[in-house]
Each structure stands twice: as structure tokens, then as C-alpha cells.
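Student: Take a look at this one; I'll ask things after.
Residue numbers (the numbering used here), protein chains in the order written: chain A, 11 to 94; chain B, 11 to 94; chain C, 8 to 162; chain D, 8 to 162.
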């Protein structure tokens, strides 16, 4: 299982703030999870239509598509940050 | 006549905060005034013993030994500034 | 050592500054930056700005950024306070304060903190425009460049 | 446009910052520096620091320095307050505040103002040492170098 959080326009396009998802075998990285969400439904296809515009964190640390995922991870997807 | 002000250790060595002095003919610059004060008395000789350590202003603008003096000028002598 | 807070209410810059100085006499200078909501975006008036953030990761990221500043410069104190929620034009968003024995360390650390914070803290700005719909603020390439300056400095 | 004051009492940084923002929504960032009396000089404890200045020329010099900052950067406001008289370790000496639409202008103008002020404003520091006689603080060659950085920049 992974807890997945969405922020800013990714949250709007996904229509949810978070979800808990079993990680299917074969989904071993952030990039793999993005591919899964793209294919799952129209919301995922829209939210991840341009993966270059999406940033990710795993367990509250910035991650890349190659970052490995493990059972119990907290994964977040969001646009490039704009604080300060 | 020139009004002459002294600050910091120049004030202490001159033993005064200010004085009004007629500018003798021949004293036409800040450097000329320094030479006059050096020769005038022991206080002046001590205060201006190392002219490289002395800074000057004429009419409240930083000046150099070559800055010309005119009747009525306000001349100040002080060490390099240490504010901030 | 750093003070890091993420909060909705306004901060009191004078009080935070006094807290950095309280009871000590080894500070020679305090650098400070306050970010403020501008009333326009791309030339268009905005009504409000709402800051969304990632609770948990935000505090962790700000703490890591402050620790990096403390590793790079000799600081006697460091405060980072970032607001979230809905803010109006003219309201302060973020406060960075650094205390050091020497002014250059305080000034450099302040610039570093705001540059890194802009590219590494998980906040997202949403603007309510006077005309037209609301919009998410896009990240600046200039902010990436400003943050990248520090990659090759002081290491 | 700049606010310049030379005074004996402490200043209120929060109030000065609020005054720069009051009634306007075009400010994006405020840079700030506060100089503070350190409790030691050359490793020796000091009891107090007394700032002597040149009334008249001081205000003129600070105004000229602030005008130079306003000529070099697009500032929406600029405040310089310098105290004189006898100060104790831990007490603030000088406040520099700059407001701009963009953070880099505010940060750079703040650094410029404190660098120039240290070499161009007629103040002299006199330290009362815990042991040994009082002494006049000597000018730093480092301050001249810091000020000289700006000679070839932004012109």
C-alpha cells in the first residue's frame, strides 16, 4: 500500500487530496506509479498529461521518476513550488 | 575666517571641539590649513603628526588635501569613519 | 538552533528580531527579508493570494534549508516563518532572519535562505484575479537560477 | 523618498517596516539589516560603545547614500536610522530597510547601503573596555573593500 497526496492543480485535476493505493507488482518507482495513474482513469490521464510539469516527493523528500517505492511509502505529486 | 571642527581623537588631541580662524594669505587648501595647524602649537603638531590618518570635510562634504578653501567655509578634521 | 514556523496569522518581525538578540551580546548584525503579496500579477490586479502547502514536508524542508544556512555560515540564530492560507495584497508572506557576528554572513545567509526557500519549500500560490478566473502561479526560471547560484558557492 | 534619521533612542524595526508598507500594494519584498553592538572587541570584553557623529554632515551623508541606492535600484522605499550616544552590548546601532517589487533589488540595495554607510557616514565609535582604557575603534580595511565592490557594479 502507498499513501498518495496531491497538491495545487494536480489535486484539482485528480479531484482528491489523497488516496491509499495498493502498489501492484511491476510498480517499483515514482515513474511507474505515474504511468499507472495516467492509465487508470480520465482524471489521472489529465493530471499527468505532461509529466515534465509534475514534481514528486517520497516520504516528504523530493524524488525523481527513478526513485524506488516501497510498501508504506507516502508519495506526493505537485507542480513546481512557488512559495517565498 | 573659517570655522574648524574636530571629531573623535582629533578633538581630544586638539583639546577643543571647534574654533574660528582667520585664513592667512597663502593658506588656500585643506593641506595648507593642516600645515598651519601642525606648526601652530604642540596640540596641532600632535593631532596632525600623521596626516595620512586624518580625513577632512569642507562644508560637510568629504575633501582632500587639494580641496580649495574660501572665506566662510566650515572645515572638519576627523579619523576615518567607523559607523554602521 | 533555527526557529522554523508555518502558520496562518501574521508574524511580528520586531518581536522575532528581539528574540534573536535576547540575552546575548555576540551578535554584530541581523539580516532580514520579508516577502509581501503584490497587488498585481503580470500587470493584472489580484484580489487575494492563497498559499497551499504540504504539512509535514514543509516544516521538514524549511528546517533542512535553515540547517544548510547554518552549515555554510557562522550564524548565532536563524528564523524562518512562512504563512499559508488566504492573504491580501500588502500582507507579509514570509520572514527570514539571520544573526551573525559579521554583517556579510548575515546578509549572504538571508539571500541564500530566501532563494532556496523559493525552490525547495512545498508551497503553491493561487491567485484570485480581479478579472478572469483564479490561477495557479507558475514557477519562475529566474528563481531556479537564483537558487542555483548557491550550488557552486561557499561549498 | 527615503527616510533618514540620526537619533539617540532605540528604533522600532517592526514599526518602520510597517510604515514602508502602509497603504501600498506594489512592494514584493523588504530587505533589512540591523547592526548591533558586540560585547567584545579584539577578544576583549567591552562595557559600552559611544558613537560620536558630525551633526548636519551625518544627515547629509545618509541622505546622499540613500539617494544613490534609489538611483541604482528601483525602490519603493528606503529607511536609514543611525543611533548616536552611549550604547550597551546587544543594543541595535543602525537600521537599513529597503522596499522593492523584486527581492534581489531589496537585498542588494540593503547590502549596498550598509557597506557605503560604514565608509561614508561621519560616525566614530569609542569603546569603553572592561580592562584597560577606552579606545577609538579603527577603520577596517575590509569595510573599504566591501564598499569598493559597488564602485564597479550597477553603474
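Just so you know, even glycine gets a beta-carbon here, dropped at the ideal spot from N, CA and C.
#1: Note down, in chain order, all residues in the stretch 96-127 of chain C with a beta-carbon under 8 Å from any beta-carbon belonging to chain A.
#2: Could you give the uninterrupted runs of the beta strand (DSSP E) lying entirely in the stretch 88-138 of chain D, keeping only those of 3 residues or more?
#3: If contact is defined by three or more beta carbon pairs under 8 Å, each pair taking one atom from either stretch, is the stretch 136-144 of chain C in contact with the stretch 56-69 of chain D?
#4: Who are the near neighbours of residue 113 of chain D in its chain, counting only those whose CB is closer than 7 Å to its CB and skipping five residues on each side?
#5: So what does DSSP say about residue 145 of chain D, is it helix, strand or coil?
#6: Who are the Cβ neighbours of residue 68 of chain D in its own chain at under 7 Å, not counting the five residues just before and after it?
#7: Restricting to Cα atoms, I'd like to know which of D/46, D/86 and D/50 is closest to residue 23 of chain D.
#8: With a threshold of 8 Å, are at least 3 pairs of Cβ atoms found where one atom belongs to the stretch 83-90 of chain B and the other to the stretch 59-71 of chain B?
#9: In the structure shown, what three-state DSSP assignment does residue 1 of chain D receive?
#10: Along the alpha helix (DSSP H) that carries residue 40 of chain B, what are the first and last residues, could you check?
#11: The beta strand (DSSP E) with residue 8 of chain D in it runs from where to where?
#12: With H, G and I counted as helix, E and B as strand and the rest as coil, what does DSSP make of residue 90 of chain A?
#13: Which residues does DSSP list as the beta-bridge partners of residue 53 of chain D?
#14: Does the beta-carbon of residue 15 of chain D have 16 or more other beta-carbons within 10 angstroms, so that it is buried, or is it exposed?
#15: Shorter than 8 Å from the beta carbon of residue 157 of chain C to some beta carbon of chain F?
#16: Should residue 72 of chain D be flagged as near chain C, meaning a C-beta pair shorter than 8 Å?
#17: How far does the beta strand (DSSP E) with residue 156 of chain C in it extend, from its first residue to its last?
#18: Find out if the Cβ-Cβ distance for the pair residue 120 of chain D, residue 72 of chain D is shorter than 8 Å.
#19: So that I know if they touch, is there some Cβ in chain D lying closer than 8 Å to that of residue 18 of chain B?
Tutor: Once the coordinates are examined:
#1: 100, 101, 121, 124, 125, 126 and 127
#2: 92-94, 99-107 and 130-136
#3: no
#4: 36, 37, 38, 105, 106 and 107
#5: coil
#6: 127, 128 and 129
#7: D/86
#8: yes
#9: Residue numbering for chain D in the displayed model covers 8 to 162; residue 1 of chain D lies beyond these limits and cannot be assessed.
#10: 40-50
#11: Taken as a continuous stretch (DSSP letters only), residue 8 of chain D belongs to no beta strand (DSSP E), as it is neither H nor E.
#12: coil
#13: D/136
#14: exposed
#15: Of the protein chains in this structure, namely A, B, C and D, none is chain F.
#16: no
#17: Looking at the DSSP string, residue 156 of chain C is not in any beta strand (DSSP E), and its letter there is neither H nor E.
#18: yes
#19: yes
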